[in-house]
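Residue numbers for the sequence shown follow our numbering, beginning at 22 and rising by one.
Below is one structure; the comments refer to it alone.
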Amino acid sequence: MTPRTDSIRVFVAVGISAEAREQLIGAVERIRQDIPQGIQWANPDGMHLTLKFLGNIPSSGIGPLLDCLGPVAAGHSHFPLYLASLGMFPNRRKPRVLWAGVDGDLDALDRLQQASENAINALGYPPSGAAQRSRRYGIERPFRPHITLGRPRRSMSDAQLARIGAAVSGTPAPAPVGWQVESVDVMQSELHPSGARYTVLGSVLLKSPPPAGEG
């Protein structure tokens, strides 16, 4: 079977503020002072918090995806998030993903993620890996919100990975800069040797809070 030429790599995410991005750039620079090489860093302009990764889908699927997410977003109000600690997946001994965590209204974030997941799955897309593991192992919170900062290269030895883990653990957390989540973005990821490049293909807006003095 010939591969589809019109497929694009897609995920659904919420963005972060410019101020939060600046804080994360500073955190990355501090890590790079200890680990100047061996990590593929995320493009700061594309930093985001993923709600669901879909992988390669036909480009014709973007319209239906936005259509299904519109009512989801309209049913959720703006909510606050702010930067929290730095961390790693799966652990500091053999880190494969370096990330910044978030705090704030995590219940609202969980509800938005679950509603987005359900709406997208209703279109025929498979559940995310986290959701599948949750059902299999009875985990109550499979969604672990984070902003990816970088990924150590696969060629790194165990000793090098442990050094990266120690460097991240020793880096001060970014200042708890906050922002309001106001939209859900459907994004394209293009993989290049220099790293992934992200493009917003479309956005749907969350419900605005009533003006002050109303409600």
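We put the beta carbon where it would ideally sit given N, CA and C, even for glycine.
{"query": "Pop quiz: LEU222 and VAL207 are said to be a contact at Cβ under 8 Å. What is the actual Cβ separation, rounded to whole angstroms?", "result": "5 Å"}
{"query": "Could you please give me the residues that DSSP links to GLY212 through a beta bridge?", "result": "Reading off the sequence, residue 212 comes out as Leu, not Gly. Note: LEU212 sits in a beta bridge opposite ALA217."}
{"query": "Helix, strand or coil: how does DSSP classify ASN142 here?", "result": "helix"}
{"query": "SER28 lies in the beta strand (DSSP E); which residues open and close that run?", "result": "28-36"}
{"query": "According to DSSP, is GLY91 helix, strand or coil?", "result": "helix"}
{"query": "Please report the distance separating the alpha-carbon of PHE164 from that of GLN134.", "result": "8 Å"}
{"query": "Can you grab the Cα-Cα spacing for the pair ILE269 / SER210, in whole Å?", "result": "Missing from the structure shown is residue 269; the chain here goes from 22 to 236 and no further."}
{"query": "Per the contact definition of three or more C-beta pairs closer than 8 Å, is the region 185-197 in contact with the region 42-52?", "result": "yes"}
{"query": "Under the three-state reduction of DSSP, which class applies to PRO79: helix, strand or coil?", "result": "strand"}
{"query": "In chain order, what residues of the same chain have a beta carbon less than 7 Å from the beta carbon of ASN9, not counting five sequence neighbours either side?", "result": "The structure shown does not extend to residue 9, since the chain is modelled only from 22 through 236, so no value can be given for it."}
{"query": "Enumerate in chain order the residues of its own chain whose CB-to-CB distance from ILE56 is below 6 Å, with the five nearest sequence positions on each side excluded.", "result": "ILE185, ALA188"}
{"query": "Any Cβ of chain D within less than 8 Å of the Cβ of THR192?", "result": "The structure shown contains no chain D; it is built from a single protein chain."}
{"query": "Among ARG51, GLY67, ALA63, which residue has its Cα nearest to the Cα of ALA39?", "result": "GLY67"}
{"query": "For the alpha helix (DSSP H) that LYS114 lies in, which residues bound it at each end?", "result": "Checking the sequence, you will find Arg at residue 114 rather than Lys. Note, ARG114: premise wrong, no alpha helix (DSSP H); not H, not E."}
{"query": "For ARG175, is the classification buried or exposed, using 16 other Cβ atoms within 10 angstroms of its Cβ as the cut-off for buried?", "result": "exposed"}
{"query": "Rounded to the nearest angstrom, how far is the Cβ of LEU72 from that of VAL35, given a contact under 8 Å?", "result": "7 Å"}
{"query": "Is it true that the CB of ALA63 sits closer than 8 Å to the CB of LEU104?", "result": "no"}
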